[in-house]
Amino acid sequence: MTDILRSERAAEELAAGHGVGDPFAAAIRAVRMAMIVTDAHQPDNPIIFANDAFLDLTGYSRDEVIGRNCRFLQGPGTDPATVATLRRAVADGQDLTIDILNYRKDGSTFWNALNLSPVRGESGRIDYFFGSQLNISDKKRVEFELGDARDRLEAAVEARTADLTQALQQKTALLHEVDHRVKNNLQLISSLLLLQNRRVTDPAVKNSLRGMLERVSAIATVHRRLFQSDDVERFDVSAFVRDLVSDMMGTARREDIKVRLDLERVDIAASKAAPLALVISELFSNALRHAFPPEAMNGREGEIFVGIARQGDNFRIEITDNGVQLENSASSGGFGLTIVQLLCQQLKARSETTPADPGTRVVVHLPINGGHH
Amino acid sequence: MSERPLDVLIVEDEVLLATELEFLVEEVGFHSVGLAMSSDEAVALACDLHPDLALVDVHLRDGPTGVEVARTIHDDCGGVALFMTANVKRLPDDFAGACGVIGKPYSEHGVKTALSYLTVCLREGHAPGPPPVGLELSPAYAERWGLSSALHRAG
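Next comes the structure, spelled out in structure tokens:
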């Protein structure tokens, strides 16, 4: 007996118990889900029943499928691992639900959500396998498209991140380069002033050059401080004052003058750093150069006080000396004071000069945010 | 003092800076033995003249070669280098064998104080105290001159 005949016989046996009047058999024949039954007693488990939905889905006619193992639905694109899982479930007599890529008769493919169940007889032996096939190609396509879209998006994000990282590296390198040039140029300007100062003999000219050198040094200290910190946007005024005072006192070589500091940590915007540094430098230099003429000291010890504190909406910067009252404290024909006035205007700051008895007290009120009323 | 002045070599490609620096080092009591503007000149002069101290800028006429100059002076010429650069943050952690760095822009007073301090270190092999503002010592030299490494990064 050929396999086909044997399968047909098995099909007849199966059908014999489920005649025209059997509502379950009618339902299986007519249901829209593709279904098959295979004969577990025959070698290679051939199909002995396929409903119309199965034939519609696969494109085969009934006599092309009866008697064949259903692996004819597989093709080159079918995942071998899925096939192996399927084979193991049949061998072990297990239920299985799995998505598998199947081929129609015309060679086109569809995604099949396959459900496979053994059917046991009264003895417990497996007589049949029941298989149902659901075409889930649309769902799979959406899944693939989503996966593709996600992959594309991830690739785009990665590429963009790489671009941004590179741009940041370039910007950082540029910042270092500009920082380097600014510092070198400030050094060059200082050197020029120092060199000329060595040549000139006129005390008035020397004085002017010294004044300019101090101003350039103040700006140079600002730049050194700005790029030393990690935040180039903020400027630590107190740290600057410590550097400035140490430098100016060192240059002045006035053992008879002491400096007292009371510095609260105060950060200002980097854009205000240079003008404020110049104001402080000018006021401190003024006190140092003019409040304590050596001939008026008579063994007395001079003191310059620098205080920085928050006070309401302002930073309060005080520079007080206990020296001689400065009438026209003009360091170089009033130029120093003019600078202070102009820069206070620019900073929207207010400066007050009052007698300190003895000496002079200058207080600068710098608004913490925005302008002065 | 009858001690001979310490010899210093200036390695700097900005001639105005170098000229002014030469005045400064002489004022502090050093003797300036020469000026090099490129790495080749620097190494040749250092190995030839054996200065007690070489002041080395990182950017020279032939590029950012100052770091290698310092390393060669330390390794091959047996000298002591001191960086003077605007690029303090870019120096290698071991300072390429140099004893420290003065950051640009420096002030006249800052350089003089630092060089006077180094004079004591070089002559006595021991630091007179923590380094002044504006001078940062390398870890190796801070240790050699008897400073704990915690102290020396203050400047």
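Chains P and U are the protein sequences, given in the same order. Be aware that the first sequence starts at 6, since it is given in this note's numbering, and climbs by one per residue. Be aware that the second sequence starts at 231, since it is given in this note's numbering, and climbs by one per residue. C-beta: ideal position from N, C-alpha, C; glycine also. Predicted model, so just to flag it, every value in this text is computed and none were measured.
Buried or exposed by the 16-neighbour rule on C-beta atoms within 10 Å, applied to residue i
i: Ser378/U; result: exposed
i: Ser137/P; result: buried
i: Gly296/U; result: buried
i: Gly307/P; result: buried
i: Ala89/P; result: exposed
i: Ser66/P; result: exposed
i: Gly364/P; result: buried
i: Phe115/P; result: buried
i: Asp111/P; result: exposed
i: Pro51/P; result: buried
i: Thr102/P; result: exposed
i: Glu250/U; result: buried
i: His228/P; result: buried
i: Thr206/P; result: exposed
Minimum C-alpha distance to residue i - residue among the options
i: Ala274/P; options: Ile131/P, Arg239/P, Gln175/P; result: Arg239/P
i: Leu288/P; options: Gly341/P, Gln233/P, Phe297/P; result: Gly341/P
i: Phe232/P; options: Asn120/P, Glu182/P, Pro280/P, Asp111/P; result: Glu182/P
i: Arg294/P; options: Arg259/P, Ile322/P, Arg321/P; result: Arg259/P
i: Thr302/U; options: Ala284/U, Asp292/U, Val258/U; result: Ala284/U
i: Ile313/P; options: Thr325/P, Arg109/P, Asp97/P; result: Thr325/P
i: Leu367/U; options: Gly333/U, Val341/U, Cys329/U, Lys342/U; result: Cys329/U
i: Arg247/P; options: Ala257/P, Ile262/P, Asp236/P, Arg230/P; result: Arg230/P
i: Pro235/U; options: Leu352/U, Gly293/U, Tyr371/U; result: Leu352/U
i: Leu266/P; options: Gly317/P, Arg204/P, Ala244/P, Ala257/P; result: Ala244/P
i: Asn189/P; options: Leu254/U, Asp270/U, Val288/U, Leu239/U; result: Val288/U
i: Ala292/P; options: Phe135/P, Val70/P, Leu62/P, Pro360/P; result: Pro360/P
i: Asn107/P; options: Arg73/P, Arg315/P, Gly82/P; result: Gly82/P
i: Gly308/U; options: Val286/U, Glu354/U, Gly327/U; result: Gly327/U
i: Asp272/P; options: Met217/P, Asn374/P, Asn120/P; result: Asn374/P
i: His171/U; options: Gly328/P, Ser276/P, Val345/P, Val250/P; result: The structure shown has nothing for residue 171/U, since chain U only spans 231 to 385.
i: Glu323/P; options: Gln330/P, Gly317/P, Phe310/P, Val329/P; result: Phe310/P
i: His304/U; options: Val286/U, Val318/U, Glu354/U; result: Val286/U
i: Ala30/P; options: Ala45/P, Gln47/P, Ala15/P, Phe54/P; result: Phe54/P
Helix, strand or coil at residue i according to DSSP, with G and I counted as helix
i: Asp84/P; result: coil
i: Arg259/P; result: coil
i: Arg234/U; result: coil
i: Thr206/P; result: coil
i: Ala21/P; result: helix
i: Pro280/P; result: helix
i: Gly341/P; result: helix
i: Asp44/P; result: strand
i: Glu269/P; result: coil
i: Leu371/P; result: strand
i: Asp270/U; result: helix
i: Val329/P; result: coil
i: Ala328/U; result: coil
i: Pro369/U; result: helix
i: Pro299/P; result: helix
i: Pro281/U; result: coil
i: Met254/P; result: helix
Through-space distance from residue j to residue i, alpha-carbon basis
i: Leu371/P; j: Val264/P; result: 23 Å
i: Cys277/U; j: Val210/P; result: 43 Å
i: Val42/P; j: Glu159/P; result: 45 Å
i: Glu359/U; j: Arg165/P; result: Looking at the sequence shown, residue 359/U is not Glu but Gly. Spanning the two alpha carbons is a distance of roughly 52 Å.
i: Gly80/P; j: Ala58/P; result: 21 Å
i: Arg320/U; j: Thr87/P; result: 59 Å
i: Leu198/P; j: Leu348/U; result: 26 Å
i: Asp97/P; j: Val162/P; result: 47 Å
i: Thr177/P; j: Asp306/U; result: 35 Å
i: Gly4/P; j: Lys342/U; result: Shown here, chain P extends from 6 to 378; a query on residue 4/P therefore has no answer.
i: Pro361/U; j: Glu373/U; result: 13 Å
i: Ala335/P; j: Val369/P; result: In this prediction, Ala335/P has a pLDDT of 46, which is less than 50 and means its spatial position is unreliable; what the coordinates show is noted afterwards. Those two C-alpha atoms are separated by around 18 Å.
i: Gly376/P; j: Asn319/P; result: In this prediction, Gly376/P scores a pLDDT of 49, lower than 50, which makes its location untrustworthy; the coordinate-derived value is nonetheless stated afterwards. About 10 Å.
i: Leu10/P; j: Pro28/P; result: 27 Å
i: Phe313/U; j: Asn303/P; result: 44 Å
i: Arg155/P; j: Lys145/P; result: 15 Å
i: Arg270/P; j: Leu281/P; result: 15 Å
heavy atom of the ligand PLP below 8 Å from residue i C-beta
i: Val36/P; result: Absence of the ligand PLP from the depicted structure is noted, as is the absence of any ligand whatsoever, leaving it without description.
Check your understanding: Between the stretch 343–361 of chain P and the stretch 253–260 of chain U, are three or more C-beta pairs nearer than 8 Å?
Key -> Too few Cβ pairs lie closer than 8 Å, so no.
Exercise for review: Would you be able to state if there are at least three C-beta pairs under 8 Å between the stretch 147–156 of chain P and the stretch 169–178 of chain P?
Suggested key: Too few Cβ pairs lie closer than 8 Å, so no.
Check your understanding: Taking one C-beta from the stretch 182–196 of chain P and one from the stretch 233–248 of chain U each time, how about it: are there three or more such pairs within less than 8 Å?
Key -> Result yes; three or more Cβ-Cβ pairs closer than 8 Å.
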